[in-house]
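What follows is a short report on a single structure.
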Amino acid sequence: MPPTTYTDLLADVKKKTKQVSLDEIKRRLEAHEKFTLVDVREKDEVRAGYIPGAVSIPRGFLEIQAEQKLPDKNARIVAYCAGGTRSALAAATLQELGYTNVETANPGFVRWKDLNFPIEMPAQLTEAQRDRYSRHILLPEVGEQGQARLLQSKVLLLGAGGLGSPAALYLAAAGVGTLGVVDADVVDASNLQRQIIHATSRVGTSKVDSAAKAISELNPDVKVVPYKERMNSGNVERLFQDYEVIVDGTDNFPTRYLVNDASVFMGKPVVHGSIFRFDGQVTTFIPEKAAKKLGVPASPCYRCLYPEPPPPHLAPSCQEAGVLGILCGIIGTLQATEAIKILLGKGTTLAGRLMTYDSLKIKFRELKLRLDPRCPVDGTKPTITNYIDYEGFCAVG
Ligand SMILES: [Zn+2]
-10 MPPTTYTDLL ADVKKKTKQV SLDEIKRRLE AHEKFTLVDV REKDEVRAGY
40 IPGAVSIPRG FLEIQAEQKL PDKNARIVAY CAGGTRSALA AATLQELGYT
90 NVETANPGFV RWKDLNFPIE MPAQLTEAQR DRYSRHILLP EVGEQGQARL
140 LQSKVLLLGA GGLGSPAALY LAAAGVGTLG VVDADVVDAS NLQRQIIHAT
190 SRVGTSKVDS AAKAISELNP DVKVVPYKER MNSGNVERLF QDYEVIVDGT
240 DNFPTRYLVN DASVFMGKPV VHGSIFRFDG QVTTFIPEKA AKKLGVPASP
290 CYRCLYPEPP PPHLAPSCQE AGVLGILCGI IGTLQATEAI KILLGKGTTL
340 AGRLMTYDSL KIKFRELKLR LDPRCPVDGT KPTITNYIDY EGFCAVG
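FYI, this note's numbering numbers position 51 of the sequence shown as 40, with every residue one higher than the one before it.
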C-alpha cells in the first residue's frame, strides 16, 4: 500500500535509501574517494557554508538540474541537507530519475558544523571580479569556485628577477590573492632585458617595491607582501609559514638546499625553475606532508637527486653567465602554471618529472626523478634535521 501521511512517506523513503554517517563522509573526503556530494539545501543556507566539494542543487530544482549537474547516472552520490529529511526525499527522487548509487547523509550539515568538520564558503565574487576573470570562470576546471579559491590563496615568490617577474605577473593577473615576494636587491638597468615586472622608471628602487607597483597596477585584487631580505636558516620558516605554494626563482646552491629542506620539514610544495644561457629546467617538489593534503603522490626532493652541494673547488663559477631574456618568460610562466594547478587541485604537475627546455632548438625533454630511500632529508633514516647555511663554496671564477 502506498504511504498516505508524511510520516509514513518519510519512513518508507528512509527504509529504501542507504544512509551514511558524517564520520564516513569525512573519511571518504580525506581518502579522496570518488563520489559526488549533493547539497540539496536552499541557496541562502549554502551561503553560510557547505561540505567541501559539494554540488549545490536545491531540493526544488532537483528534477530540473540533475541531468546537467549530475551527468553520470551510475556515479556514487551522497545527498545531504541540514538535518537528513530533505536529503532522504531527494535521494528517493534521484533514484526515481534513474540514479543507481545514491546514499543520504545522516544527519546533515548542522551536525557537521557542530562537529567542527571542514566546511567551505561559497564563491562570493563581485560583479567586477566576475567580469575580470570571466575567461577563467568559463573553464569548468576553474569556475567561480576555483576563481574564489585563487583569490583566497597565497603564493610565495623567491626572487623578483628573471623567473619571478613573469611568474608574479601571471599569478597576479590570474587573481592569486596574496603574493609574497622575497628579494633584497635593487632594480638595475641590466635587469630589464628579462625581468619584465620592473621598468626603466624604477631603476634604483628596491625590486620588491617595484614588483608591488607593477602588480597593483595590473590587478588591485592582489595583496603583495614584500620581504626586503635575503633568505637564510634564520628566516626561512617565517617566510614560508603563511604560504601554500613556493615558487623558487633563485638560482644558487645555498638557497636551493635551504628551500628544499624547509619544503620537506614544513610540507610546502615548491615549484623549482632554473635557467642557464639558452636552457631552462622546471620541476615541482611535493613533499610527503603536502602530498597527503593534496591527495597526490609525494615526489622526490632535491636532495634525492643531489644529496649535498659540491665541494668549493668543484662548484661552478659564480661569475654571471649570459641568458636569453625570453627563456625566463618560458620557464617562469611554466612555474606559474604549476602553482595554479596545485592551488586548483587540477591537472598533473611536474612532480617526479624534470622538464628541460632548449631555446635554440625549441625542444622540451622530460626526465623521470626517483625518490631515494637513502636521501639525507626525506629518506628512511634522515641525517639532516636542521637548516644548514652553505656558504663560500663558489669557485673563484
Ligand atoms: Zn629526498
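Each residue gets a CB set at the ideal place from its N, CA and C atoms; glycine is no exception.
Every value quoted in this text rests on a predicted model; they were computed, and no experiment measured them.
Could you give the first and the last residue of the continuous beta strand (DSSP E) run that contains L168? Run containing L168: T167 to V171, per the beta strand (DSSP E) assignment.
Need the endpoints of the alpha helix (DSSP H) that H125 sits in, please. Where H125 is concerned, the enclosing alpha helix (DSSP H) stretches over S123 to I126.
Examine ligand 1 and report whether any of its heavy atoms sits within less than 6 Å of the Cβ of D240. Relative to ligand 1, D240 has its C-beta separated by 6 Å or more from all heavy atoms.
Just verifying my parser: in three-state terms, what is the DSSP assignment at L146? In this structure, L146 counts as strand in the three-state DSSP scheme.
Per-residue burial, D(-3) [other beta carbons within 10 Å of its own, 16 or more giving buried]: With fewer than 16 Cβ atoms within 10 Å of its Cβ, D(-3) is classed as exposed.
For V259 and M344, believed in contact at Cβ under 8 Å, the rounded distance: Not a contact, Cβ separation roughly 15 Å.
For K278, collect the residues of the same chain with a Cβ closer than 6 Å to its Cβ; drop the 5 residues on either side in sequence, then sort them by chain order. Within the same chain, Cβ atoms closer than 6 Å to the Cβ of K278 are found at G256, the five residues on either side in sequence being excluded.
Does the separation of the CB atoms of L360 and P286 fall below 7 Å? No; because the gap between Cβ atoms is not below 7 Å, this pair is not in contact.
Would you say the beta carbon of C392 comes nearer than 6 Å to a heavy atom of ligand 1? Because the chain is modelled from -10 through 386, residue 392 falls outside the range shown and cannot be assessed.
Once the 5 residues before and after Q8 are set aside, which same chain residues still bring their CB inside 6 Å of it? Residues of the same chain with a CB within less than 6 Å of the CB of Q8, apart from the 5 flanking positions on each side, are T93 and N95 in chain order.
Considering only their Cβ atoms, is the gap separating G321 from A203 smaller than 7 Å? It is not a contact, given that the beta carbons lie outside the stated cut-off.
Scan the segment 309 to 360 and note each continuous beta strand (DSSP E) run of 3 residues or more that stays entirely inside, going in chain order. Fully contained in the segment 309 to 360 are the following beta strand (DSSP E) runs of length 3 or more, in chain order: 342 to 347 and 352 to 357.
Per DSSP, what are the beta-bridge partners of Y39 in this structure? Beta-bridge pairing links Y39 to E109.
Among the residues of its own chain, which have a CB less than 8 Å from the CB of E85, if the five just before and after it don't count? Nothing listed; no residue qualifies.
Let me know the secondary structure DSSP gives P243 once reduced to three states. Annotated three-state conformation of P243 is helix, per DSSP.
With a threshold of 8 Å, are at least 3 pairs of Cβ atoms found where one atom belongs to the segment 215 to 235 and the other to the segment 105 to 124? They do not touch, by the three-pair rule.
Would you say the beta carbon of D367 comes nearer than 6 Å to a heavy atom of ligand 2? This structure simply doesn't include ligand 2; it includes ligand 1 instead.
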